[in-house]
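One structure is given here, and the rest of the page talks about it.
Protein chains: 4
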Amino acid sequence: MYSTIGALGRRLRLGVIGGGAKSFIGPVHRAAARMDDNYEVVASVLSSDPERAKTEGVAIGIAPDRAYGSAEEMFATEKAREDGMDVVAIMSPNDSHYRYSVGAIEAGYDVICDKPLATSLDDGLDLVKRVKAAGIVFCQTFNYTGYPLVRQAMAMVRDGDIGAVRMVEAEYVQGYNYALRPDEKDGAGKNWHFVPEKTGQSLVLGDIGSHAHHLVRYVTGMNLARLVADVTTTVPGRVSPSHDHAGMLFRLDNDAPGVMWVTQAGAGAVHGLYIRVFGEKGGLEWVQETPNQLFHSRPESPALTYERGGPGLKPEARRAERIAIGHPEGYQEAFAVLYADAAEAIVARKLGKAPNRLALDFPGVVDGAHTLKFIASAVESAETGRWVDCRLGM
Amino acid sequence: MYSTIGALGRRLRLGVIGGGAKSFIGPVHRAAARMDDNYEVVASVLSSDPERAKTEGVAIGIAPDRAYGSAEEMFATEKAREDGMDVVAIMSPNDSHYRYSVGAIEAGYDVICDKPLATSLDDGLDLVKRVKAAGIVFCQTFNYTGYPLVRQAMAMVRDGDIGAVRMVEAEYVQGYNYALRPDEKDGAGKNWHFVPEKTGQSLVLGDIGSHAHHLVRYVTGMNLARLVADVTTTVPGRVSPSHDHAGMLFRLDNDAPGVMWVTQAGAGAVHGLYIRVFGEKGGLEWVQETPNQLFHSRPESPALTYERGGPGLKPEARRAERIAIGHPEGYQEAFAVLYADAAEAIVARKLGKAPNRLALDFPGVVDGAHTLKFIASAVESAETGRWVDCRLGM
Amino acid sequence: MYSTIGALGRRLRLGVIGGGAKSFIGPVHRAAARMDDNYEVVASVLSSDPERAKTEGVAIGIAPDRAYGSAEEMFATEKAREDGMDVVAIMSPNDSHYRYSVGAIEAGYDVICDKPLATSLDDGLDLVKRVKAAGIVFCQTFNYTGYPLVRQAMAMVRDGDIGAVRMVEAEYVQGYNYALRPDEKDGAGKNWHFVPEKTGQSLVLGDIGSHAHHLVRYVTGMNLARLVADVTTTVPGRVSPSHDHAGMLFRLDNDAPGVMWVTQAGAGAVHGLYIRVFGEKGGLEWVQETPNQLFHSRPESPALTYERGGPGLKPEARRAERIAIGHPEGYQEAFAVLYADAAEAIVARKLGKAPNRLALDFPGVVDGAHTLKFIASAVESAETGRWVDCRLGM
Amino acid sequence: MYSTIGALGRRLRLGVIGGGAKSFIGPVHRAAARMDDNYEVVASVLSSDPERAKTEGVAIGIAPDRAYGSAEEMFATEKAREDGMDVVAIMSPNDSHYRYSVGAIEAGYDVICDKPLATSLDDGLDLVKRVKAAGIVFCQTFNYTGYPLVRQAMAMVRDGDIGAVRMVEAEYVQGYNYALRPDEKDGAGKNWHFVPEKTGQSLVLGDIGSHAHHLVRYVTGMNLARLVADVTTTVPGRVSPSHDHAGMLFRLDNDAPGVMWVTQAGAGAVHGLYIRVFGEKGGLEWVQETPNQLFHSRPESPALTYERGGPGLKPEARRAERIAIGHPEGYQEAFAVLYADAAEAIVARKLGKAPNRLALDFPGVVDGAHTLKFIASAVESAETGRWVDCRLGM
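Chains as they are written, first to last, in the working numbering: chain A, 109 to 502; chain B, 109 to 502; chain C, 109 to 502; chain D, 109 to 502.
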């Protein structure tokens, strides 16, 4: 795995926005940053409430004077420090991603931002422009593409190992979060996922459909051209946009058909992120719940199982692994791969060097924009009952 | 398993139409008939060519005078024999199912017929009327519903073990038959599956989509109300109706959403018949390639795995199994369950008794008609790009 | 699959000894005989009680005059018939196998006999001599070697596909039969498996250890040279020889080490017959509960999964399969493979021809004798705590 | 997961011995220390060569003045610092564990030490005494017992969920390390695993048999009473003690029989640590390659699958997990659980408080001694061919 200590002589200094006491994703981001010893978390804004932000920052080991009460304060104060932060990681609720990203970009920071990019396509496209203009590194944490075997699948499709893509299917079938009740309380108020203005156009599509969509694009190397969708609620008492189920038919750029199924209301389902792609010469199958294997079907020969750390892997997969075959790597490790990739790109930018090609496999701002277009298109299709063009033109 | 020897004092006498030397399904039907010793195959029409029909009949052990050259000859001659046949099993190409069924019904025979019921919905509806009028037993061999664990799933949904159905997904993803070439030669001519007038409106939907569709209806206990479909060819050089891929979104009677994916062009895929259904209290998952297990997810408790022959099975599953737990039963055994069910219904009719309720779980003529409506609706949707009502009203 | 109708113009006529109303294995043998339409069951002795033997024979469809009261009566009467039986199949309790086999051989019949060959090694060795002297076909139903993928494994090892064998492990871990109670009642009396004089030297070794042992020999192509064993009872209240657990270390002919674990008291275990063998170039793994796959590990390349009906199979595997890939074959089909093999050997003998080499892969009388030596050696080792030589010299 | 920042107001300061540039386990230990933010690595001795030790220390981010050239230097210098280290972690070659542990204990440090405890039983017993006398925390990294589902299994057995233990089987079947060649070169010289004085009495038993043995003791809550073993080399050219295969039969304290199979020469095997234990009411099965599930067989009910993060888990399992169900945790996370446990015990000692009972589930010095006794006994049995008593009396 990449080491900034080797390249830069030190760890990158990270400031985090969001991810406080009750957050699921906050500890994941911070552990990902620590995993390969490329970052130290030096500054934080852990809540929109300034008082809580400071208390919670100290509670995770931030020095009291760098546990800030607002992003603006963090940007300004860190800018002035000799040992100020290098990178901003954003893991606050969905509706704040755009605002904090804009602030970080304006302050000149490289950005690691949780998905979605924004809650509207317009904001997303605006961010694309800003990132390009600023020339910063922007990593959007579609974290499942950090798994070594997903990278293997991507490289195999790209290299023609299964021939031209003929069809694809993706699923994300969960059942623990929000599976059974009409909504979820979070302390005094509603869980923000069920507050329309915070979650965006569609809960299930923003939360997990976004991952399935990105996985399809990442592995096939193609965009979706058009789709027809059934986006709905299945738990009685829920209303749009708190969707919990979406079915989708789509066509890729090359007209190959695809099917997608995502839900967070599959009672008792564990996780269920899954992709299967068939080409003219074979197929690939990957399941997030057993992420260390990739299954390769072949009409003329027995099927192959690629094993993380084992023989037959491409450099893209090798680069994303840390330990020996058979010692399972999981979700946290995959997440950390994006942090390591971003670190390499950031250090290259700092040193004015071209980054390693392989370090550029992480998802960025354009990927985030594609997902927003996808969500908007699916919702439109669900409302009209028609096929909808979902090309972004990027 | 049911025994006609116990109930009737003898085996049922079976005449078979189709299933000659090059047939895949012919030996399957005959072995299914022999499996539980409820039938002896006494008469045959194994080819539309009278000469070949006789030769091939003798080759499978039929007495020379009962290896007939045509169905008409078989019906007439057997009718006149003291020890004439009781039942007709039809396994000829798709476009002849209707014609032979009509002939058999008119001659008063009980019928076991391979799917599809017919190649047009009108013919199918006509058969429904004829079967009802004649009062005969008609078994349509949607054979996958003969698996004990499929019956377990059906009975669990019916009994409310997973609560009201909220969503369902079905797949049938194959890759060996017709996976890679534009068509398949069969000796001198084309494989009949690629001859439009023989295969019906859609190759992939008739061949395997029909099974996935029936499985959804059988397990959920509901019909499909409407659907939108993408039915297409993915192998270059193929044209409609030699479809090899279909994606589908649908709604069940209770408005629960569903997703379906069927293909015969998934390079290297093995078989891939699969169903997953979620209700308000849990989910069920069954894979035809490991048919002796049924997986039951539960949000509040660890998941259960039901094992054929093991504890916790309903009478519907128990009835459909022959040997002890852990001794795998397969495709041939499931097929034979339908023959055993039909035998019990036929004997009950002969004896003027009400059949065992559990013996009526086999698919019949109305199920065949539903499938024809489904195929017609899917093809219409694929052409118009719209959602289509697919209710049969039965 | 082999057809006697093609080769001989008719089915072989089979007489069965044992397998009456309460038998597990009786219906399995008869369905195996019917599976490929190579046999018709024409005569029976279904019980040691002559009255019951007749009643139960008629109940399974045997003509009343051929439902015999004793084996002696069957041998004598059938001998005198023009259409008398060709083959005897023995599936009575263990302690009668030797006696009935001797009778059948003396009467000149080919024999299909359930395992074990006998309850003492001396009797077994005597049978080896008698079979060789008589020149008859003797098939011992170690039925698991009828699975196509087991034959694939055997052929791969023999052909050097994994290099010289370096180690092997086998398991048979069951938990439903006799798992929890000290013994099992069977109607009025004890289940015969718990009656020492009927079951032989060791219940668990005779019942299932025998299968594991044969599987090791069949797949590796080698005999066991020496072993140390721990053969014991784990359910309180049981006493020797009603053993329910055996652990074993052994060396093959080439000094490669092996490990074996067999039990019928693994609470809740399903079936658990399993073999894993490693050679210098790779390994093979097969599990009876998913018998249609064979896993092939390779240090330098991704692992392969062979699929019944799929690419890469040897003629030995191809010969033992009936239907297309992905349509699971199970226990009953594997059992029937031995019947088909035996049929081919028997017909060849009747016609005075050399049988197809591939038809000789079924286990015979010498295999039965090896197993008896194995059981005797294991029991001796368990009593002495020492390594014991277990070579038979055949 | 436990946080020292919350309890102590700061991270523990860790000094590491061993784990330099070519080490597999060094990065694993350090990442485990960072995972939950309970430790900062402040000091190091990364090589027995002082020059390399300093260079390599700086290369992993240690301050130049704390990248020591020897353990003695580290102990002495750190002792004198205000902000000196709290804990020593030892991950150097096997033959140095004893020496460094003694040094650290004498200097008053808590110790986290890789297995084995020592290369002789005498040294191991001496360490037991020293640890007890010093009252320090000593964590032996039998890291597989950090997996949440292993802790679930341990707690279930202890709570009687499967009833009294009746039998157990354990495997560790690897094939990548040292699978095929007689030995392994490591740069200029031999890989230290193949140098007898460094590896101890038996390569395969020390390297991986130790883990299998500890897993059996941890899950069953019992010690091994006696055993018979076949410990050998299977790769031509290897000699004792470079064993690569061991089979074992044993009895637990309660006389329940066990079987063990460990090898590093299973060509192409992936990892293969596995345990299966049966009690009077059910069985448990766990496979390290899919560590997030635990399978629970039950004779009277369908089997259960426990899922990390899912319903039905005991506090011992809950305590050892970090993220939501379905997001796989792996080897690195399990390793880090021991570090978190040790941190909690160390902080409790520093604060003079009783530690949380659940924090004491990590393996300690006595566990290390049991393993040394086990290895010595197995080697003795292999040499004599006899059963050997292997009780330690602790």
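Think of the CB as a built atom: it goes at the ideal place given N, C-alpha and C, for glycine as much as any other residue. The structure presented is a predicted model; accordingly, all values stated were derived computationally and were not measured.
- Residue state for ASP475 of chain C is assigned as helix, using DSSP reduced to three classes.
- Excluding its 5 nearest sequence neighbours in each direction, ALA450 of chain C has C-beta neighbours in its own chain below 8 Å: VAL195, ASP218, ILE220, VAL245, CYS247, PHE470, listed in chain order.
- C-alpha of GLU408 of chain D to C-alpha of VAL367 of chain D: approximately 26 Å in a straight line.
- Residue environment analysis places THR492 of chain B among the exposed positions, since fewer than 16 neighbouring C-beta atoms fall within 10 angstroms of its C-beta.
- Those residues of the region 129–152 of chain D placed with their C-beta closer than 8 Å to a C-beta in chain A are PHE132, PRO135, VAL136, ARG138, ALA139, ARG142, MET143, ASP144, ASP145, ordered along the chain.
- Assignment of SER131 of chain A by DSSP, reduced to helix, strand and coil, places it in the coil class.
- A residue is called buried when at least 16 other Cβ atoms come within 10 angstroms of its Cβ; PRO410 of chain B meets this threshold and is buried.
- Looking at the backbone, the Cα of HIS379 of chain C and that of PRO201 of chain C are separated by about 21 Å.
- Membership of ILE220 of chain B in any alpha helix (DSSP H) is not indicated; the residue belongs instead to the beta strand (DSSP E) covering 218–221.
- Counting C-beta atoms within 10 angstroms of its own C-beta, ALA453 of chain D has 16 or more neighbours from the protein chains shown and is therefore classed as buried.
- Within the DSSP secondary-structure output, CYS498 of chain D pairs in no beta bridge.
- Under the rule that a run must span 4 or more residues, the alpha helix (DSSP H) segments found entirely inside the region 343–429 of chain D read 423–427.
- Residues of the region 421–444 of chain B with a Cβ closer than 8 Å to any Cβ of chain C, in chain order: ARG430, ILE431, ALA432, ILE433, GLY434, HIS435, PRO436, GLU437, GLY438, TYR439, GLN440, GLU441.
- Within the same chain, and ignoring the five residues on either side of GLU397 of chain B in sequence, the residues whose Cβ sits closer than 7 Å to its Cβ are VAL378, HIS379.
- The alpha helix (DSSP H) runs of length 4 or more contained entirely in the region 119–205 of chain A are, from start to end of the chain, 133–143, 158–167, 179–188.
- In the three-state scheme derived from DSSP, where H, G and I count as helix and E and B as strand, VAL303 of chain D is classed as coil.
- DSSP, reduced to helix, strand and coil, places TYR280 of chain D within a strand of the structure shown.
- Runs of alpha helix (DSSP H) with 4 or more residues, each lying fully within the region 310–341 of chain A, are found at 318–328, listed in chain order.
- A contact between stretches requires three or more CB pairs, one per stretch, nearer than 8 Å, and the region 118–132 of chain C meets this requirement with the region 160–173 of chain C.
- Counting every other CB atom within 10 Å of its CB across the protein chains shown gives ALA263 of chain D a total of 16 or more, marking it as buried.
- Among the residues of the region 390–408 of chain B, those with a Cβ less than 7 Å away from any Cβ of chain A are GLY390, GLY391, SER405, ARG406, PRO407, in the order of the chain.
- Residue range 246–248 is occupied by the beta strand (DSSP E) that includes PHE246 of chain D, with no alpha helix (DSSP H) assigned at that position.
- For the region 336–356 of chain B, the residues whose beta carbon sits under 7 Å from a beta carbon of chain A are, in order, VAL336, ASP338, THR340, THR342, HIS353, GLY355.
- Taking 8 Å as the cut-off, the beta carbon of ALA197 of chain D is found closer than this to the beta carbon of HIS137 of chain D.
- Annotation: the continuous alpha helix (DSSP H) that includes PRO256 of chain D extends over 256–266.
- Put simply, the CB of LEU257 of chain C is far from chain A, with every gap to its CB atoms at 8 Å or more.
- A direct Cα-Cα distance of roughly 12 Å separates ILE270 of chain B from GLU393 of chain B.
- Shown here for ALA167 of chain A: not one same chain residue has a beta carbon closer than 7 Å to its own, the five before and five after excluded.
- Inclusion of ALA179 of chain A and GLY216 of chain A in the CB contact set at 8 Å is not warranted, their separation being larger than that value.
- Beta-bridge annotation (DSSP): MET275 of chain A is paired with A:PHE386.
- At a C-beta separation below 9 Å, GLU415 of chain B has these neighbours in chain D: PRO410, ALA411.
- A Cβ of chain C is located within less than 8 Å of the beta carbon of GLY418 of chain A.
- For the pair ARG259 of chain B and ASP191 of chain B, the CB atoms are not nearer than the 8 Å cut-off.
- In the three-state reduction of the DSSP assignment, ILE433 of chain D falls in the coil class.
- Contact with chain D is found for ILE113 of chain A, since one of that chain's Cβ atoms lies less than 8 Å from the residue's Cβ.
- Taking the Cα of LEU311 of chain B as reference, the smallest distance to any Cα among B:VAL327, B:MET330, B:THR342 is reached at B:THR342.
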